[in-house]
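Per our numbering, the sequence shown starts with residue 90, numbered consecutively.
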Amino acid sequence: MEKRLAFPYGRALALSRMVLFVVAFGLVGAFLAFAPFVPMVPLLVFLVILAAATVLFAISPLLTEHWLTRSRLILRQGWYFHVSLPIAGIVSLGPADEAAPARVPLGVHRPLGRPTLYITGGRTGLLVARLGRPRRFWSSFGLEATELVFDVADPGGFLRAYEERRGLLTPVQADRADADLRD
């Protein structure tokens with residue numbers, strides 16, 4: 090059994106962001122073409138910030154994948170979001186029952202009033218992981234979430250691999266003399 094399995098996720102978010110950054114660079118180019126005089130230092134600072142944002146938010150999501158290890162589910166979106174969930178802490182994992190997939194937000198998003206954190210790059214292949222205990226996430230300003238909705242390119246393969254990994258976990262033996270359930 091492989092130590093770590095990688096599962097790619099949707100690329101719609103990264104591609105839409107790439108289009109937005111290309112438009113931004115085009116607008117900067119058009120501004121430079123028609124501006125009579127532009128100070129170089131502020132322009133260079135702006136271009137460096139724009140290039141860094143492009144790499145971080147448009148290119149890095151193309152370079153990362155969700156991982157399933159022997160004991161953890163690691164969800165990533167680019168270099169700006171990473172969460173590691175112990176498989177033992179996941180109560181259930183299955184297909185998301187979203188009635189309108191077009192309404193699923195792209196990116197890392199936690200709607201107010203719902204304990205669901207969306208980590209989506211696309212709107213197909215959606216899965217939902219329900220956690221045993223609420224967990225706080227810095228990307229949602231410290232709000233708690235009990236469900237994580239994410240997408241993978243091959244949800245069937247992901248679920249088979251998850252069930253296989255879940256079967257590897259050792260059961261808790263509560264009847265031993267030194268059993269500590271840490272609840």
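All C-beta atoms in this analysis are idealised placements derived from N, C-alpha and C, irrespective of residue type, glycine included.
Only a predicted model underlies this, so the values are computations on that prediction, with no experimental measurement involved.
For residue i, the first and last residue of its enclosing alpha helix (DSSP H)
{"i": "G245", "result": "244 to 257"}
Which of helix, strand or coil DSSP assigns to residue i
{"i": "A177", "result": "helix"}
{"i": "A95", "result": "strand"}
{"i": "V217", "result": "strand"}
{"i": "F170", "result": "strand"}
{"i": "R225", "result": "strand"}
{"i": "G115", "result": "helix"}
{"i": "R212", "result": "coil"}
{"i": "T290", "result": "Limits of the chain in this structure are 90 at one end and 272 at the other, which puts residue 290 out of reach."}
{"i": "R106", "result": "helix"}
{"i": "A234", "result": "strand"}
{"i": "L132", "result": "helix"}
{"i": "F126", "result": "coil"}
{"i": "L206", "result": "strand"}
{"i": "L121", "result": "helix"}
{"i": "L162", "result": "strand"}
{"i": "R182", "result": "Looking at the sequence shown, residue 182 is not Arg but Leu. Here L182 sits in strand by DSSP."}
{"i": "A101", "result": "helix"}
Closest by C-alpha distance to residue i, when choosing among the options
{"i": "A147", "options": "F110, L237, L121", "result": "F110"}
{"i": "P175", "options": "R159, G183, D186", "result": "R159"}
{"i": "P184", "options": "P244, G115, M129, R199", "result": "P244"}
{"i": "A242", "options": "W156, V130, A141", "result": "W156"}
{"i": "S181", "options": "W168, L162, V197, R199", "result": "L162"}
{"i": "R199", "options": "R224, G178, D186, G214", "result": "R224"}
{"i": "L215", "options": "F96, R222, M107", "result": "F96"}
{"i": "G221", "options": "G211, W227, F230, A234", "result": "A234"}
{"i": "T205", "options": "L164, G246, V217", "result": "V217"}
{"i": "T143", "options": "V112, A122, V127", "result": "V112"}
{"i": "R219", "options": "G178, S229, Y251", "result": "G178"}
{"i": "L133", "options": "F114, R255, S149", "result": "F114"}
Boundaries (first-last residue) of the beta strand (DSSP E) holding residue i
{"i": "P194", "result": "It is not in any beta strand (DSSP E) - P194 carries neither H nor E in the DSSP assignment."}
Nearest-angstrom Cβ-Cβ length linking residue i and residue j, presumed shorter than 8 Å
{"i": "L195", "j": "L102", "result": "4 Å"}
{"i": "V238", "j": "T209", "result": "7 Å"}
{"i": "L139", "j": "Y169", "result": "L139 to Y169, Cβ: 16 Å. No contact."}
{"i": "L151", "j": "R100", "result": "7 Å"}
{"i": "G211", "j": "Y98", "result": "7 Å"}
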